[in-house]
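This report refers to the structure that appears directly beneath it.
Numbering (this note's numbering), first residue to last: 358 to 516.
Below, the structure is given as structure tokens:
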């Protein structure tokens, strides 16, 4: 069976030869090619839907695995906190085991911001300006703006 590309090419060639062919033969030929194109298009749409369904399944599996990962990391954090609390209660700062050496040590010094409004502006990183495409689109509907234009694109919809 011919590919959709081959069918499209055949359709175009038949249209180019339209003046040389009998009207009934032309109509029958175009109808048969058109039916084959529609059949191929329908099957390609089925494939698209199947692939999109698989992608959605993967998305839901990614979400489930991310939730599982978060749960496991929270569990590990909770166990570490529990171990640290119990070691501090008993005054132990180091434990040497067969597999692991466990110790409580100081973390690097960090900053605790009490009131951000009191901090001098020199400590803030300026944010780069961000283009507001929605506002730009609305303004372009009313006139030209240098550096931008409205474009109309096409996309395939399968319903």
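Yeah, the Cβ is synthetic: ideal placement off N, Cα and C, and Gly gets one too.
Assign residue 505 to one of three DSSP states: helix, strand, or coil. In the structure shown, residue 505 falls within a strand segment according to DSSP collapsed to helix, strand and coil.
Which of the three DSSP states is assigned to residue 471 in this structure? Residue 471: coil per DSSP, three-state reduction.
Assuming residue 368 and residue 383 make a contact with CB atoms under 8 Å, what is their CB distance in whole Å? By a beta-carbon distance limit of 8 Å, residue 368 does not contact residue 383. Their separation comes to about 11 Å.
Local conformation of residue 400 per DSSP, three classes: Correct three-state label for residue 400: helix.
Is residue 398 near residue 372, with beta carbons less than 8 Å apart? In this structure, residue 372 does not lie closer than 8 Å to residue 398 by Cβ.
Indicate whether residue 394 and residue 364 have their beta-carbon atoms separated by less than 8 Å. The answer is yes: Cβ separation under 8 Å.
Mind checking who residue 460 pairs with in its DSSP beta bridge? Paired residues: 451.
Identify which residue in 454, 499 and 514 has its Cα closest to the Cα of residue 507. Of the listed residues, the one whose Cα sits closest to residue 507 is 499.
What would DSSP say about residue 360, mapped onto helix, strand or coil? Coil.
Distance CB(residue 461)-CB(residue 445) smaller than 8 Å: A contact, by the Cβ cut-off of 8 Å.
On the three-state DSSP scale, how would you describe residue 482? The answer is coil: DSSP assigns residue 482 none of H, G, I, E or B.
Buried versus exposed, by CB contacts within 10 Å (16 or more), residue 436: Counting other Cβ atoms within 10 Å of its Cβ, residue 436 stays below 16 and is therefore classed as exposed.
Residue 377: first and last residue of the uninterrupted alpha helix (DSSP H) it sits in: If you look at residue 377, you'll find it isn't in any alpha helix (DSSP H); DSSP assigns it neither H nor E.
Status (buried if at least 16 other CB within 10 Å, exposed otherwise) for residue 466: With fewer than 16 Cβ atoms within 10 Å of its Cβ, residue 466 is classed as exposed.
Could you please give the first and the last residue of the uninterrupted alpha helix (DSSP H) stretch that includes residue 488? Under the DSSP assignment, residue 488 falls outside any alpha helix (DSSP H); it carries neither an H nor an E label.
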